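Under numbering that gives the first Met the number 0, the first residue of the sequence shown is numbered 0, with each subsequent residue one higher.
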Amino acid sequence: MKRIITYITLIIIFTTLGFLGLFNQPKEVPSKDILNNTYYLFNTNTGEYESMMITKDVIVSNVSNLDLNNCSNYTYNDKTRIVKLNCGRAFTILSGTTDTLALNMSDKTYYFYKDKENTFIKEFNSYFKESKHIFETNTNELLKTKKITFQKLTELFNTQETNYIYVKPNSCDYKCMIIESKLNTLENSYYIDNKDITDFTYINEEKLKKDLPFFIIITNTGSYYGQENTISTSKYIEFKGFQMEDLKSYLGGTNEEENN
């Protein structure tokens, strides 16, 4: 009888230990190169840098296309490299280092970078279908053909057409480059440096101090050639991300503007 009790006791002990071992398995997590790094993804629609960080316990992400705002806890399968989140969503980690992270969700691949400049260049090249360097080179060449002097600017007041003069600020981000690439789609468009019109009395001095691109629009308001040519408006060009398809629609007042 004692032997039977001993056997039963041993069975209970080993069974309990087995269950304890089963439920206390170490949690599988992605590579240590990935954990606790903040990776960035440039959003071409908003112009914002979104981010993701994976720790051994949770995922913190504000990436709009992934829709993980209500997700945090996760499980990870090291063999399949699939991450399953508590909200029912899942993605596969394709590759990851301390500097880069690539993942696939819903048959779309997303590339993240620890350096913001790298994700910007990646998304820029993908959106415009050419390298940022080539895009910038071509834009600079176009700008040379559009550039005018202050004297030429004053002469435009004696023309019959509506003229659009792009004023480039002393300091400007990628948005200037996008605007400049579209100047050839705008009839009677020109370009002049900010510093070349500091004495131009038609433009508010405060406008010149802002590092924002804007257009001077010269309109013939008279009934015959050369009569009453005036600056009808001067507009900042503001848009989000890379989303600026039709330059003329912005000049027509569909964007946020600040008039002279």
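Glycine is no exception: its CB is placed at the ideal position from the N, C-alpha and C atoms.
The model shown is predicted, which means the values in this text are computed figures rather than measured ones.
Rounded to the nearest whole angstrom, the C-alpha separation of L67 and Q242 is 24 Å. A Cβ-Cβ separation of about 6 Å places L40 in contact with Y109 under the 8 Å criterion. Ranked by how close their Cα comes to the Cα of T97, the residues N103, F111 and F90 have F111 in first place. Here V166 is buried: its Cβ has 16 or more other Cβ atoms, across all protein chains shown, within 10 Å. One thing to note: G46 has its Cβ within 8 Å of the Cβ of K239. If you draw a straight line from the Cα of D195 to the Cα of K145, it is about 14 Å long. The three-state reading of DSSP puts F41 in strand, counting E and B together.
Between N85 and T54, the gap from beta carbon to beta carbon reaches 8 Å or more. Sorting L211, K115 and I92 by C-alpha distance to the C-alpha of M104 places I92 at the top.
Per DSSP, the unbroken alpha helix (DSSP H) holding S180 starts and ends at Y173 to S180.
By alpha-carbon distance to K113, the top candidate from D245, S50 and L182 is S50.
Looking at the DSSP output, D192 bridges to K167.
Counting along the chain, no beta strand (DSSP E) covers I133; the unbroken alpha helix (DSSP H) around it starts and ends at K131 to K145.
Following the DSSP letters along the chain, one finds T158 in no alpha helix (DSSP H), marked with neither H nor E.
A Cβ-Cβ separation of about 6 Å places I33 in contact with L100 under the 8 Å criterion.
L185: not part of any alpha helix (DSSP H); DSSP gives it neither H nor E. Judged by their CB atoms, I191 and L246 are not nearer to each other than the 8 Å cut-off.
Going by DSSP, F90 is part of the beta strand (DSSP E) stretching over A89 to G95. In this structure, L182 lies near L141, with their beta-carbon atoms less than 8 Å apart. In this structure, DSSP gives I33 a state outside helix and strand, which the three-state scheme calls coil.
Just so you know, the alpha carbons of N42 and D106 end up roughly 18 Å apart. In terms of Cα proximity to N187, the closest of M176, K174, N169 and I216 is I216.
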